[in-house]
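**Q**
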Amino acid sequence: MSDEYSRSELTLGAALRALPTASPNGDVWSELAAKLAPPVHARRVSFAMPAAIAACALLAVTFVLMRYHAPSTATVAGTSPSSVLNATTETQNVNVANATNVANDTNGNLAALQARSRELEQWLHETADAATPLPGNDLAAAGEIESLIGIVDVELAAPKQRDEEKLWQRRVHLLEDLTALRYSNYRLAESSTAANAGHPSTWIN
Amino acid sequence: MTSSFFDLEVPQSLIERARAGELRAFEQIYRRFERPMYTLALRMLGDPEAARDTLHDAMLKAFQRIGQYRGDAPFWAWLRQIALNEALMRLRNRRDVEADFDPDLIGDETSAPWTQADGATLDRALSNLPATTRSVIWLYHVEGYSHPEIAEMMGKTISFSKSQLARGTARLRALLDPTVESVSCLMNTAVLS
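Chains A and B, in that order, are what the protein sequence lines are. So for the first sequence, my numbering puts the first residue at 4; every next one is plus one. So for the second sequence, my numbering puts the first residue at 37; every next one is plus one.
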């Protein structure tokens, strides 16, 4: 390539670089931003998932604690004993399962489920003060469960509900979850009170 | 040394914010590089719609892969490579038909009609070149790539890159210089291609 040709090329380069830059029609950034922004439901999932995981972990811990540390004839001193807490822990678990199973298998399903629902709700009401405040993760999980119970109640309130029994069953399950959540905190509060009073907790063997 | 339109400073803090997924940081980077990237695509493809699509897709890929930017080259060079790959992919899909080249049209190597032509005329002449030829000219003269680099990017030989540059330069000269006899013939050939 000759020097003269190189000079010619360089001149062409300078002429091309002197051309103005161009810009696209329309707003390309808006299209990009819509694709880059995280979808709203993703944020919802990101909150719900940890709450669900926390709830599951708590249920597992509660089950282990109940299985290995609860006395066979435990009563909660200083509070209104309900049928839920007066039962032995293992018996309670069996009763919960039995109540649901029996309700599934007999004609009195609906009544049994409604009775169980009332029982759990009453216990939650009676122990509300002792069980609060809940830790952050538990509080989030409890909020999620309460929201789901609210949805079931809305569905139950609808006229001519065909799946009424299934809804009541779901309500009982949710209340049981909430009970387990509150129960662990309730027990911790009771243990702490007993220790401070200088006598062993009735919950520790 | 050729200075690319892309050669723009990007603060490290802005890159880090974009890596963290901050939309505002993405926007700042986009605004900075919108015109250079669109211009590169337009010069190579010669079609505003295709250039717009190239800009969109290249930016989207850049933002989705910004975590892969290692920092061993300037950010603008990394971004330009993504844009270039997008444009080349579209160029390959077109399969441009090159017109036969007449070596005699190179003519007087010392004449440089582009020094006399205004921007609009040069722009028009450039747009009349086949896309591949125009791309080689642009990559070589404006973006500063060497013939081996252009050959590798296009999957062609170094000779191909050199011949495209020579053809393109000759055609531009002919298009811009009214004293060249075959201008009208060339214009027709270029438009058809």
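Glycine residues also receive a C-beta, built at the ideal position from the N, C-alpha and C atoms.
So if I threshold CB-CB distances at 7 Å, which residues from the segment 26-43 of chain A count as touching chain B?
**A** Correct list: 26, 27, 28, 31, 32, 34, 35, 36, 38, 39, 40.
**Q** Taking C-beta pairs closer than 9 Å, name the residues in chain B that residue 14 (chain A) reaches, listed in chain order.
**A** Position 11 of the first sequence holds residue 14 (chain A). By Cβ distance, chain B contributes 148, 150, 151.
**Q** For residue 62 (chain B), which residues from the same chain have a beta carbon less than 6 Å from its beta carbon, with the 5 sequence-adjacent residues on both sides left out?
**A** Counting from one through the second sequence, the residue named residue 62 (chain B) turns up at place 26. For residue 62 (chain B), where only same-chain residues beyond five positions count, the Cβ hits under 6 Å are 54, 99.
**Q** If we count Cβ pairs, one from each stretch, closer than 8 Å, do we get three or more for the segment 79-93 of chain B versus the segment 166-174 of chain B?
**A** Short answer: they touch.
**Q** Just tell me which of A:37, A:24, A:29 has its CA closest to the CA of residue 232 (chain B).
**A** Because chain B in this structure spans residues 37 to 229, residue 232 (chain B) falls outside the shown range and cannot be described.
**Q** Considering Cα atoms alone, identify which of A:116, A:117, A:184, A:160 is closest to residue 149 (chain A).
**A** Against the first sequence, residue 149 (chain A) aligns to sequence position 146. Cα-wise, what sits closest to residue 149 (chain A) is A:184.
**Q** For residue 114 (chain B), which residues of its own chain have a beta-carbon under 6 Å away from its beta-carbon, when the five flanking residues on both sides are left out?
**A** Taking the first residue of the second sequence as 1, we reach residue 114 (chain B) at position 78. Same-chain partners within the cutoff: 105.
**Q** Of all the options B:110, B:85, B:158, which has the alpha carbon lying nearest to the alpha carbon of residue 29 (chain A)?
**A** In the first sequence, counting from the first residue as 1, residue 29 (chain A) sits at position 26. The shortest C-alpha separation from residue 29 (chain A) is found at B:85.
**Q** Buried or exposed for residue 49 (chain A), going by 16 or more other Cβ atoms inside 10 Å?
**A** As a first step, residue 49 (chain A) is located in the first sequence; it is residue number 46 there, counting from the start. With a pLDDT of 49 at residue 49 (chain A), under the threshold of 50, the predicted position of this residue should be treated as unreliable, though the coordinate-derived value follows. Exposed, by the Cβ-count rule.
**Q** Express the C-alpha separation of residue 161 (chain B) and residue 173 (chain B) in angstroms, rounding to a whole number.
**A** To locate residue 173 (chain B), count along the second sequence from 1; it is residue 137. To locate residue 161 (chain B), count along the second sequence from 1; it is residue 125. Their backbone Cα atoms lie some 13 Å apart in a straight line.
**Q** In or out: residue 161 (chain A) buried (at least 16 other Cβ within 10 Å) or exposed?
**A** Within the first sequence, numbered from 1, the residue matching residue 161 (chain A) stands at position 158. Exposed: under 16 other Cβ atoms inside 10 Å.
**Q** Just checking, does the segment 148-162 of chain B make contact with the segment 185-192 of chain B on the three C-beta pairs under 8 Å criterion?
**A** Because the criterion of three Cβ pairs below 8 Å is not met, the segment 148-162 of chain B and the segment 185-192 of chain B do not touch.
**Q** Does any residue of chain B have a CB that is nearer than 7 Å to the CB of residue 24 (chain A)?
**A** Here residue 24 (chain A) corresponds to residue number 21 of the first sequence, with the count starting at 1. Yes - at least one Cβ of chain B is within 7 Å of the one on residue 24 (chain A).
**Q** At a cut-off of 6 Å, would you count residue 191 (chain B) as near the ligand GDP, judging by its Cβ distance to the nearest heavy atom?
**A** For the ligand GDP, the structure offers nothing, since it holds no ligand at all.
**Q** Output needed for residue 201 (chain B): all residues of its chain with C-beta closer than 7 Å, excluding positions within five of it in sequence on either side, in chain order.
**A** The count along the second sequence starts at 1 and reaches residue 201 (chain B) at position 165. Cβ within range, chain order: 172, 173, 176.
**Q** Since residue 27 (chain A) and residue 96 (chain B) are thought to touch, with beta carbons under 8 Å apart, how far apart are those beta carbons, to the nearest angstrom?
**A** Here residue 27 (chain A) is taken as the residue at index 24 of the first sequence, counted from 1. Here residue 96 (chain B) is taken as the residue at index 60 of the second sequence, counted from 1. Between residue 96 (chain B) and residue 27 (chain A) the Cβ distance is about 14 Å, and since that is not below 8 Å, they are no contact.
**Q** Using a C-beta to C-beta distance shorter than 7 Å, which residues of chain A count as neighbours of residue 159 (chain B)?
**A** For this step, residue 159 (chain B) is matched to residue 123 along the second sequence. Result: 22.
**Q** Since residue 40 (chain A) and residue 71 (chain B) are thought to touch, with beta carbons under 8 Å apart, how far apart are those beta carbons, to the nearest angstrom?
**A** What you label residue 40 (chain A) is simply residue 37 of the first sequence in a count that begins at 1. What you label residue 71 (chain B) is simply residue 35 of the second sequence in a count that begins at 1. With a Cβ gap of about 24 Å, residue 40 (chain A) and residue 71 (chain B) do not count as contacting.
**Q** Nearest by alpha-carbon distance to residue 113 (chain A): which of A:126, A:132, A:18, A:166 is it?
**A** Walking along the first sequence from the start, residue 113 (chain A) turns up at place 110. The shortest Cα separation from residue 113 (chain A) among A:126, A:132, A:18, A:166 belongs to A:166.
**Q** Using a 10 Å radius around the Cβ and a threshold of 16 neighbouring Cβ atoms, would you call residue 141 (chain A) buried or exposed?
**A** Your numbering for residue 141 (chain A) matches position 138 in the first sequence. By the neighbour-count rule (16 or more Cβ atoms within 10 Å), residue 141 (chain A) is buried.
**Q** If you reduce the DSSP assignment to three classes, tell me which class residue 33 (chain A) lands in.
**A** Reading the first sequence from its first residue, position 30 is the one you call residue 33 (chain A). Of the three classes helix, strand and coil, the one that applies to residue 33 (chain A) here is helix, per DSSP.
**Q** Helix, strand or coil for residue 42 (chain B)? Go by DSSP, reduced to three states.
**A** Against the second sequence, residue 42 (chain B) aligns to sequence position 6. It is coil, neither helix nor strand.
**Q** Please report the straight-line C-alpha distance between residue 159 (chain B) and residue 14 (chain A), rounded to a whole angstrom.
**A** Within the second sequence, numbered from 1, the residue matching residue 159 (chain B) stands at position 123. Within the first sequence, numbered from 1, the residue matching residue 14 (chain A) stands at position 11. Whole-angstrom Cα-Cα distance: 15 Å.
**Q** Please check the pair residue 116 (chain A) and residue 181 (chain A), which I expect to be a contact at CB under 8 Å, by giving their CB distance rounded to whole angstroms.
**A** Position 113 of the first sequence, counted from the start, is the residue given in the question as residue 116 (chain A). Position 178 of the first sequence, counted from the start, is the residue given in the question as residue 181 (chain A). The Cβ separation is near 16 Å, so there is no contact.
**Q** Looking at chain A, which residues of the segment 101-135 of chain B have a Cβ within less than 9 Å of any of its Cβ atoms?
**A** So the list is empty, because no residue satisfies the distance condition.
**Q** Helix, strand or coil for residue 166 (chain B) per DSSP?
**A** Here residue 166 (chain B) refers to the residue found at position 130 of the second sequence. Coil.
**Q** Please determine, among B:88, B:44, B:47, the residue with the shortest C-alpha to C-alpha distance to residue 32 (chain A).
**A** Position 29 of the first sequence, counted from the start, is the residue given in the question as residue 32 (chain A). It is B:88.
**Q** So with Cβ pairs under 7 Å, would you call residue 184 (chain A) a contact of chain B?
**A** As a working note, residue 184 (chain A) is residue 181 in the first sequence. No, because no Cβ of chain B sits closer than 7 Å to the Cβ of residue 184 (chain A).
**Q** Report the neighbours of residue 95 (chain B) on chain A: residues whose CB is nearer than 7 Å to its CB, in chain order.
**A** What you label residue 95 (chain B) is simply residue 59 of the second sequence in a count that begins at 1. Chain A residues near residue 95 (chain B): 35.
**Q** Would a C-beta distance cut-off of 7 Å place residue 112 (chain B) and residue 42 (chain B) closer than the cut-off?
**A** Start at 1 with the first residue of the second sequence, and residue 112 (chain B) comes out as number 76. Start at 1 with the first residue of the second sequence, and residue 42 (chain B) comes out as number 6. Closer than 7 Å, so yes.
**Q** Using a Cβ-Cβ cut-off of 6 Å (strictly less than) and excluding sequence neighbours within five positions of residue 136 (chain B), which residues of its own chain qualify?
**A** Within the second sequence, numbered from 1, the residue matching residue 136 (chain B) stands at position 100. Confidence is the limiting factor: at residue 136 (chain B) the pLDDT is only 45, short of 50, which leaves the residue's position unreliable, though a coordinate-based value still follows. Excluding residues within five positions, none has a Cβ falling inside 6 Å.
**Q** Less than 7 Å between CB atoms is the rule here; does residue 183 (chain B) satisfy it with respect to chain A?
**A** Numbered from 1 along the second sequence, position 147 holds the residue referred to as residue 183 (chain B). For residue 183 (chain B), the answer is no, since every Cβ of chain A falls outside 7 Å of its Cβ.
**Q** Give me, in chain order, the residues of the same chain whose beta-carbon lies closer than 6 Å to that of residue 170 (chain A); leave out the 5 immediate sequence neighbours on both sides.
**A** Counted from its first residue, the first sequence places residue 170 (chain A) at position 167. Closer than 6 Å at Cβ, skipping near neighbours: 155, 158, 159.
**Q** Cβ atoms of residue 76 (chain B) and residue 109 (chain B): under 7 Å apart, would you say?
**A** Along the second sequence, read from residue 1 onward, the residue named residue 109 (chain B) stands at position 73. Along the second sequence, read from residue 1 onward, the residue named residue 76 (chain B) stands at position 40. In this structure, residue 76 (chain B) does not lie closer than 7 Å to residue 109 (chain B) by Cβ.
**Q** In three-state terms, what does DSSP make of residue 22 (chain A)?
**A** Position 19 of the first sequence holds residue 22 (chain A). In the structure shown, residue 22 (chain A) sits in coil (DSSP, three-state: anything other than H, G, I, E or B).
**Q** For residue 119 (chain A), which three-state DSSP category applies?
**A** The sequence position of residue 119 (chain A) within the first sequence is 116, counting from 1. Reduced to three states, the DSSP call for residue 119 (chain A) is helix.
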